[in-house]
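Novice:
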Amino acid sequence: MEWTVRKIINFTKGGLWQDGNAQFGFHDQEGNLYFLNYQEHWVAKWNGSEIEWSLGKTLFEQSLKHYTVDINSPSFITKLPDGDVLIVSGGNRKVIRFKEGNGQADVFIDAAKYGLKDIGNCEYDFQGNLWINEITSSKVWKFNSDGRIWRRGKWFWLDL
Numbered sequence: 229m230e231w232t233v234r235k236i237i238n239f240t241k242g243g244l245w246q247d248g249n250a251q252f253g254f255h256d257q258e259g260n261l262y263f264l265n266y267q268e269h270w271v272a273k274w275n276g277s278e279i280e281w282s283l284g285k286t287l288f289e290q291s292l293k294h295y296t297v298d299i300n301s302p303s304f305i306t307k308l309p310d311g312d313v314l315i316v317s318g319g320n321r322k323v324i325r326f327k328e329g330n331g332q333a334d335v336f337i338d339a340a341k342y343g344l345k346d347i348g349n350c351e352y353d354f355q356g357n358l359w360i361n362e363i364t365s366s367k368v369w370k371f372n373s374d375g376r377i378w379r380r381g382k383w384f385w386l387d388l
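Here the sequence shown is numbered in this note's numbering, starting from 229 and rising by one per residue.
In structure tokens:
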């Protein structure tokens, strides 16, 4: 198998998307691209021809729709089987769940409440569980699809 680069997309603050180097991106099953900008604290969805939406603290002008969300140093994006998008906001230790259909974004998991010092990426398994890695303490945490954490053989809510 031979791999070829079809197109490299670049974005700059205030500039247009063009050929160049993208900071980081993820693909979904439909061929959409999700980009994140760690330093400027935003994420965006590129549908192949335009920036369909963006999330972040400040307006991303090239986006057709922008949603103001408390994202701080995003580090990972994954799409759930139900179509929702999960964004790891490592700077404030939150996992944001974004529902594209209605533009609603909520804190799905507040890792700080569980005592996690930092969070890296997250991924779901075929049973619908979400696995989050805690970088500093080299641990992997398991959450169910409702955001409950798995500890000592049972699911529970941490009421703080």
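Just so it is clear, CB atoms sit at the ideal spot from N, CA and C, and this is done for glycine as well.
(1) Taking only three categories from DSSP, how would you classify residue 251?
(2) What is the rounded straight-line gap between the Cα of residue 332 and the Cα of residue 326?
(3) Between which two residues does the beta strand (DSSP E) containing residue 295 stretch?
(4) What number of angstroms, rounded off, separates the C-alpha of residue 201 from the C-alpha of residue 277?
(5) If you follow the beta strand (DSSP E) that residue 332 is part of, which residue opens it and which one closes it?
(6) From this set, 268, 233, 305, which residue's C-alpha is nearest residue 254's C-alpha?
(7) Under three-state DSSP, which class holds residue 319?
(8) So is residue 284 buried or exposed if we call it buried at 16+ other beta carbons inside 10 Å?
(9) Tell me whether the stretch 345 to 356 and the stretch 290 to 299 touch, counting them as touching only if at least three CB pairs, one residue from each stretch, are closer than 8 Å.
(10) Check whether the Cβ atoms of residue 350 and residue 316 lie closer than 8 Å to each other.
Specialist: Checking against the coordinates, here is how it stands:
(1) With a pLDDT of 49 at residue 251, under the threshold of 50, the modelled position of this residue cannot be trusted; read the value that follows with caution. In this structure, residue 251 counts as coil in the three-state DSSP scheme.
(2) 6 Å
(3) 293 to 296 is the extent of the beta strand (DSSP E) around residue 295.
(4) In this structure the chain extends from 229 to 388, so residue 201 is not present and cannot be described.
(5) 332 to 338
(6) Measuring C-alpha to C-alpha distances from residue 254 to each of 268, 233, 305 identifies 305 as the nearest.
(7) helix
(8) buried
(9) Contact between the stretch 345 to 356 and the stretch 290 to 299 is absent, because fewer than three Cβ pairs lie under 8 Å.
(10) yes
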